[in-house]
Amino acid sequence: MPEKPKVAFYWCASCGGCEEAVVDLGDAILDVVAAVDIVFWPVALDFKRKDVEALPDASIAISFVNGAVRTSEQLEMSHLLRRKSQLLVALGSCSHLGGVPGLANLFGRDSILEEVYSLSPATINPEHRMPAARYGDNGNTVELPELHQSVHSLNQVVDVDYYIPGCPPTPKMFQAALQTLMSGQLPPRGTVLAPDHALCDECPRKDSKPQDLTIAEFKRPQQLLIDEQKCLLAQGLLCMGPATRAGCEALCIHGNMPCTGCHGPTSRVKDQGAKILSSLAILVEAREEPEIIKMQASIPDPVGTFYRYSLPASLLRKRRFAEAPPAR
Amino acid sequence: MLNRPPAAKESAGPQFEPRIVAFFCNWCTYLAADLAGTSRMKYAPNVRVVRLMCSGRVDPQFVLDAFAHGADGVFIGGCHPGDCHYQEGNYKTLKRYALLKRLLKDMGIEEERFRLEWISAAEADRVRATINDMVEKVRALGPLALDAQAAEQPSVAQEVMA
């Protein structure tokens with residue numbers, strides 16, 4: 061019997077939702093298990109790092125890595141899996157673009173540690189103890205992974221062959237991607253394994269989007285009774301659909317909620333946030349600067365909204381601190 | 007990467023020379039800059055002008071890309087409201103500019119580094135004055151140096167060092 065191709069799964073800075081996307085294959089996961097040999101999957105199987113280290117280089121056919129890279133351990137595992145794998149696939153928004161953890165790039169490591177271990181109201185830490193990479197006690201030393209200054213997408217630390225977008229990717233999309241990768245008929249390296257057009261294109265409410273759309277004020281979902289048929293942008297909701305890659309089958313729209321942009325941009329766009337800013341800014345009807353500013357103030361958090369999943373992969377990558385980050 | 011202009015000779019030490027990327031509309035500010043040239047007006051040599059058919063062509067990505075690749079400031083010059091060759095282009099620019107400015111502020115980039123001015127084809131002196139003013143303001147702020155930050159990215163391992 062010929063040897064089955066080896067597959068590995070790993071998670072870096074993530075919530076576990078991408079693992080869920082794999083498990084959500086349901087019965088179909090049995091076909092996957094029948095076709096491949098899973099050699100590493102910390103969330104589900106008891107293999108250790110040393111088992112991966114013992115494998116010959118490039119012996120794993122495909123490694124799926126989800127999660128952003130923000131600790132020394134995640135960086136090492138990314139390099140290790142890159143070396144051991146023929147194909148390295150970034151699974152989900154965090155490894156694709158930095159994801160929600162990437163919003164930490166608005167603060168920097170030190171102010172995050174300060175907030176979590178000292179300032180937060182639920183913390184009592186009079187000795188001001190901070191996590192350290194090494195800790196010695198009675199001659200014993202324990203080590204912890206160190207937190208990086210900023211969060212990176214997977215392709216900022218190692219070469220990545222393919223991307224499966226989404227927060228999390230739909231099981232259907234994961235399955236289709238897996239089939240493509242196993243077929244041997246590989247698309248060009250660097251391809252995002254999802255359709256290359258904007259979500260609006262496959263939106264069930266596409267026809268209700270007015271030709272000349274203007275918005276008097278952006279509203280948040282809790283501020284209005286949302287019409288279930290009408291274009292969400294036309295209702296004043298901030299929908300990322302125009303600047304977001306399709307492929308999710310408009311799941312959020314079907315749930316009557318606006319798109320938050322988890323699939324990232326299409327291949328023709330470098331910076332998803334800049335593109336949605338460009339298209340939303342001009343929907344303002346006003347023509348005088350004070351009125352424009354007033355209307356745009358109804359977008360409470362431009363960076364957090366436009367770059368919810370893509371800040372580390374954006375052109376600016378992280379907030380700049382002229383001096384030390386201010387303590388909050 | 008943009009080359010830095012040579013440091014001014016008269017100053018004692020090497021003075022910081024800001025690099026400013028300017029996007030000028032073909033129908034107004036670009037002609038005004040041309041007029042400034044033919045009128046032999048002098049202005050600070052720190053600006054690299056990119057001619058576009060309309061200030062409305064300035065994709066916010068251009069601005070972010072300029073900053074990310076080492077620009078210390080970005081300057082957009084367009085037609086006065088009501089004068090756009092394409093009717094609406096400069097209004098779109100104004101709307102994008104207002105929101106982009108807010109976003110840049112949230113990303114830690116000072117307001118003075120990003121500027122929009124309406125300058126008609128006849129206002130050569132305004133090109134001179136605006137550029138000189140912006141160069142001085144950006145010079146006072148110091149380098150933005152986001153290109154250096156991007157170059158550091160691959161050596162993530164170094165970041166671990168506290």
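These protein sequence lines map, in sequence, to chains A and B. Numbered as in this note's numbering, the first sequence ends at 388 without a single skipped number. Numbered as in this note's numbering, the second sequence ends at 168 without a single skipped number. Note that CB positions come from ideal geometry on N, CA and C, so glycine has one too.
Per DSSP, which residues does residue i bridge with? Please list them.
i, result
"Ala-81 (chain A)", "Note: Ala-81 (chain A) sits in no beta bridge, so no partner."
"Ile-125 (chain B)", "Per DSSP, none; premise fails for Ile-125 (chain B)."
"Asp-97 (chain A)", "A:Lys-66"
"Val-56 (chain B)", "B:Phe-29"
"Asp-256 (chain A)", "Asp-256 (chain A) is not bridged to any residue."
"Tyr-97 (chain B)", "Tyr-97 (chain B) is not bridged to any residue."
"Asp-197 (chain A)", "A:Asn-200"
"His-212 (chain A)", "A:Val-129"
"Ser-123 (chain A)", "A:Ala-68, A:Leu-148"
"Ala-73 (chain A)", "A:Ala-128"
"Phe-120 (chain B)", "B:Val-80"
For a test of the three-state rule: what should DSSP assign to residue i, helix, strand or coil?
i, result
"Asp-65 (chain B)", "coil"
"Ala-39 (chain B)", "helix"
"Thr-81 (chain B)", "The amino acid at residue 81 (chain B) is misidentified as Thr; the sequence shows Phe. Here Phe-81 (chain B) sits in strand by DSSP."
"Ser-161 (chain B)", "Summary for Ser-161 (chain B): the model assigns pLDDT 47, below 50, so the residue's position carries little reliability, and this model does not support an answer."
"Leu-105 (chain A)", "coil"
"Phe-22 (chain B)", "coil"
"Val-344 (chain A)", "strand"
"Leu-207 (chain A)", "strand"
"Ala-357 (chain A)", "coil"
"Thr-326 (chain A)", "coil"
"Met-137 (chain A)", "helix"
"Tyr-49 (chain B)", "coil"
"Ile-137 (chain B)", "helix"
"Tyr-367 (chain A)", "coil"
"Ile-2 (chain B)", "What the structure shows of chain B is the stretch from 7 to 168, and residue 2 (chain B) is not part of that stretch, so it cannot be assessed."
"Val-92 (chain B)", "Residue 92 (chain B) is actually Tyr in this sequence, not Val. Reduced to three states, the DSSP call for Tyr-92 (chain B) is coil."
"Lys-378 (chain A)", "coil"
"Asp-91 (chain A)", "helix"
"Ala-118 (chain A)", "coil"
"Ala-130 (chain B)", "helix"
"Asp-153 (chain B)", "helix"
"Asp-331 (chain A)", "coil"
"Val-217 (chain A)", "coil"
"Ser-339 (chain A)", "helix"
"Pro-372 (chain A)", "coil"
"Pro-87 (chain B)", "coil"
"Pro-350 (chain A)", "helix"
Inter-stretch contact (C-beta, 8 Å, three-pair minimum) for the segment 135 to 144 of chain B and the segment 115 to 127 of chain B: yes
Alpha helix (DSSP H) runs wholly inside the segment 280 to 324 of chain A, at least 4 long, in chain order: 311 to 314
Members of the segment 99 to 120 of chain B near chain A, C-beta cut-off 8 Å: Leu-100, Lys-101, Arg-102, Ala-104, Leu-105, Leu-106, Arg-108, Leu-109, Asp-112, Met-113, Gly-114, Ile-115, Glu-116
At least three beta-carbon pairs within less than 8 Å, the segment 372 to 380 of chain A to the segment 26 to 36 of chain B: no
Three CB pairs or more closer than 8 Å across the segment 351 to 358 of chain A and the segment 323 to 332 of chain A: no
Those runs of the alpha helix (DSSP H) which lie wholly inside the segment 140 to 195 of chain A and span at least 4 residues: 153 to 157, 169 to 174
Inter-stretch contact at 8 Å, needing at least 3 Cβ pairs: the segment 90 to 102 of chain A / the segment 168 to 178 of chain A: No, because fewer than three Cβ pairs between the segment 90 to 102 of chain A and the segment 168 to 178 of chain A fall closer than 8 Å, the two stretches do not touch.
Residues, ordered as in the chain, of the segment 163 to 185 of chain A that lie near chain B by beta-carbon distance below 8 Å: Leu-166
Interface residues of the segment 342 to 358 of chain A facing chain B [CB-CB below 7 Å]: Cβ contacts with chain B come from Ile-342, Val-344, Arg-347, Glu-349, Ile-352, Ile-353, Gln-356.
Near-chain A residues of the segment 127 to 142 of chain B - C-beta to any C-beta below 7 Å: none
Ranges of the alpha helix (DSSP H) found wholly within the segment 219 to 278 of chain A, counting only runs of at least 4: 231 to 243
Three-pair Cβ contact test at 8 Å for the segment 195 to 214 of chain A versus the segment 273 to 280 of chain A: no
Positions along the segment 266 to 278 of chain A whose CB lies within less than 8 Å of some CB in chain B: Answer in chain order: no residues at all.
Positions along the segment 77 to 88 of chain B whose CB lies within less than 9 Å of some CB in chain A: Contact annotation: in the segment 77 to 88 of chain B, residues whose CB is within less than 9 Å of a CB in chain A are Pro-87.
Inter-stretch contact (C-beta, 8 Å, three-pair minimum) for the segment 262 to 276 of chain A and the segment 290 to 304 of chain A: yes
Under 7 Å (Cβ pairs) to chain C, residues found in the segment 40 to 71 of chain B: Chain labels in this structure do not include chain C; the protein chains are A and B.
Given 8 Å, three or more beta-carbon pairs between the segment 257 to 271 of chain A and the segment 332 to 345 of chain A: no
At least 3 beta-carbon pairs within less than 8 Å: the segment 108 to 115 of chain B vs the segment 89 to 99 of chain B: The count of Cβ pairs closer than 8 Å, one atom from the segment 108 to 115 of chain B and one from the segment 89 to 99 of chain B, stays below three, leaving the stretches out of contact.
Near-chain B residues of the segment 129 to 147 of chain A (beta-carbon distance less than 8 Å), N- to C-terminal order: Val-129, Ser-132, Leu-135
The segment 295 to 310 of chain A / the segment 138 to 154 of chain A touching (three or more Cβ pairs under 8 Å): no
Cβ pair count under 8 Å reaching 3, the segment 62 to 76 of chain B against the segment 305 to 318 of chain A: Contact between the segment 62 to 76 of chain B and the segment 305 to 318 of chain A is absent, because fewer than three Cβ pairs lie under 8 Å.
At least 3 beta-carbon pairs within less than 8 Å: the segment 93 to 103 of chain B vs the segment 128 to 135 of chain B: The answer is no - the segment 128 to 135 of chain B does not touch the segment 93 to 103 of chain B, with fewer than three Cβ pairs under 8 Å.
Stretch pair the segment 73 to 88 of chain A + the segment 110 to 121 of chain A: three plus CB contacts closer than 8 Å: no
The segment 246 to 255 of chain A in contact with the segment 221 to 228 of chain A per 3-pair CB rule at 8 Å: yes
Interface residues of the segment 313 to 341 of chain A facing chain B [CB-CB below 9 Å]: Val-329, Lys-330, Asp-331, Gly-333, Ala-334, Lys-335, Leu-337, Ser-338, Leu-340, Ala-341
Contact the segment 240 to 251 of chain A vs the segment 177 to 196 of chain A: 3+ CB pairs below 8 Å: Taking 8 Å as the limit for Cβ pairs, the verdict is that the segment 177 to 196 of chain A does not touch the segment 240 to 251 of chain A.
Where the segment 86 to 119 of chain A meets chain B: residues whose CB sits under 8 Å from a CB there: none
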